[in-house]
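Visitor: Starting off with a structure, shown below.
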Amino acid sequence: MAIDVRGLRKRYGDLEAVRGVTFSVRRGEVFGLLGPNGAGKTTTVEILEGYRERSDGEVTVLGHDPAARDRVYKETPRPDGTLLREYQFFALDREIEIAPGIFYPAWTYNGQVPGPTIRATEGDRIRVRFVNMGSHPHTIHFHGWHPPEMDGSLPDQQVMPGQSFVYEFDADPAGLHLYHCHAVPLKRHIHKGLYGVFIVDRRDDPPGERDELVMVMNAFDTNFDNENEVYAVNTVANAYMVDPIRVAVGRPVRIYLVNITEFDLINSFHLHGMFFEANRTGMMRSPEVADTIMLCQGERAILDTTFRYRGDYMFHAHQSEFAELGWMGLFRAEEPRRDT
Ligand code: CU
Ligand code: CU
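Using the working numbering, the letters of the sequence shown map in sequence onto residues 2 to 341.
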């Protein structure tokens with residue numbers, strides 16, 4: 002059996018999009034899902050592909066559970082105490098929703114924009130198996146120390162559709178980095194959505210008692226005029242205005258901020274009512290203290306702060322035009338939970 006689905010359910014809040022679907026598909030069989038818009042066809046297919054988590058039921062595709070994490074990530078201890086971290090990456094053309102009802106024909110890593118965050122401790126070994134399942138040549142170009150043959154930038158390093166390549170290097174240096182496609186034309190390949198965050202933790206400073214989040218400042222040219230019409234952090238315009246990011250008063254918050262915006266020279270992050278320590282590339286010895294930080298494309302900064310008062314705090318690009326086109330959000334600071 003190629004595909005086996007039993008009692009599959011998917012809920013989005015109160016809405017049940019898929020209600021207990023059961024079917025199986027034999028190898029070589031042509032199988033179709035028919036139904037009106039909203040019947041749950043796309044959700045079902047995306048669960049089979051591993052891009053969406055199911056709420057209930059059992060799914061196997063070619064003998065594997067598409068939701069199993071070891072399909073895309075595996076870690077193996079090494080004798081010196083570091084880890085080998087192995088990732089499965091694939092490039093895929095896919096429509097993504099960047100604002101309610103606005104779909105963008107993206108090129109993605111693993112079906113998502115930004116791509117999966119790669120996180121390691123300094124000295125770990127990173128191995129990324131990259132398969133290009135898209136319609137154009139692509140690469141993964143990492144920032145950080147690595148030998149030139151792992152750079153994914155030169156013409157003969159392009160991975161053609163249907164081809165694959167294994168990127169392997171040590172996680173070095175500790176800090177906040179990124180990766181993106183480096184095939185030509187570069188601005189089109191980056192802009193289409195092929196980018197993600199690469200965090201290397203210091204061995205003496207593991208993630209601890211703080212809340213952490215990744216914010217990738219990105220934007221989309223929806224009418225292909227080489228200018229952006231929609232701006233966001235993490236792809237969906239105004240998402241955090243509708244659903245504020247919950248934080249606790251008095252508990253440290255760390256933001257891994259990366260700018261990958263194409264077509265505009267700079268982007269920025271401004272937080273209302275407070276200040277943060279900004280540590281550029283995560284490698285500066287003495288952080289600057291600011292309430293606004295400006296980044297070129299490819300620049301990044303680790304922002305550390307703690308909320309003093311309860312309430313809603315706006316954050317947005319301090320380019321007002323970007324903010325009005327979707328790059329705006331809210332933190333909601335609440336009293337810390339008392340779990341005793
Ligand atoms: Cu590309
Ligand atoms: Cu770059």
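Each residue gets a CB set at the ideal place from its N, CA and C atoms; glycine is no exception.
Note down the Cα distance separating Ala233 from Gly29, rounded to an integer number of angstroms.
Guide: Between Ala233 and Gly29, the C-alpha separation is close to 42 Å.
Visitor: I want to check one thing, is the minimum distance from the CB of Gly197 to the heavy atoms of ligand 2 below 6 Å?
Guide: Not so, every heavy atom of ligand 2 lies at least 6 Å from the Cβ.
Visitor: Near Arg120, what residues of its chain come up, given a Cβ to Cβ distance below 6 Å and the 5 sequence neighbours on each side ignored?
Guide: The answer, listed in chain order, is Ile200.
Visitor: Considering only heavy atoms of ligand 1, does any lie closer than 6 Å to the CB of Ala107?
Guide: For ligand 1, not one heavy atom lies less than 6 Å from the Cβ of Ala107.
Visitor: Determine the closest residue to Arg252 out of Arg333, Glu87, Asp206 and His137, with distance taken between C-alpha atoms.
Guide: Cα-wise, what sits closest to Arg252 is Arg333.
Visitor: Just grab the DSSP bridge partners of Met329 for me.
Guide: Paired residue(s): His317.
Visitor: Under 8 Å by Cβ, that's how I've got His192 and Glu263 pegged, so tell me the actual separation to the nearest angstrom.
Guide: With a Cβ gap of about 4 Å, His192 and Glu263 count as contacting.
Visitor: Residue range of the alpha helix (DSSP H) that His190 falls in?
Guide: Its alpha helix (DSSP H) spans residues Leu187 to His192.
Visitor: Would you say the segment 109-117 touches the segment 152-166, given that touching needs at least three Cβ pairs under 8 Å?
Guide: No, the segment 109-117 is not in contact with the segment 152-166.
Visitor: Just curious, the beta strand (DSSP E) that Val216 is in, first and last residue?
Guide: First, the residue type needs correcting, since residue 216 is Met and not Val in the sequence shown. Run containing Met216: Asp212 to Phe221, per the beta strand (DSSP E) assignment.
Visitor: Locate the beta strand (DSSP E) running through Ile4, then write down its first and last residues.
Guide: That run of the beta strand (DSSP E) goes Ile4 to Tyr13.
Visitor: Would the segment 301-312 and the segment 276-283 be scored as touching if the rule is three or more Cβ pairs under 8 Å?
Guide: These segments touch.
Visitor: Return helix, strand or coil for Tyr241, following the three-state DSSP convention.
Guide: Tyr241: helix per DSSP, three-state reduction.
Visitor: Could you tell me whether the segment 234-247 touches the segment 205-216, using the rule of 3 or more Cβ pairs below 8 Å?
Guide: Touching, yes, given that three or more Cβ pairs across the two stretches are closer than 8 Å.
Visitor: Does the count of Cβ pairs from the segment 178-189 and the segment 130-144 closer than 8 Å reach three?
Guide: Yes: at least three Cβ pairs fall under 8 Å.
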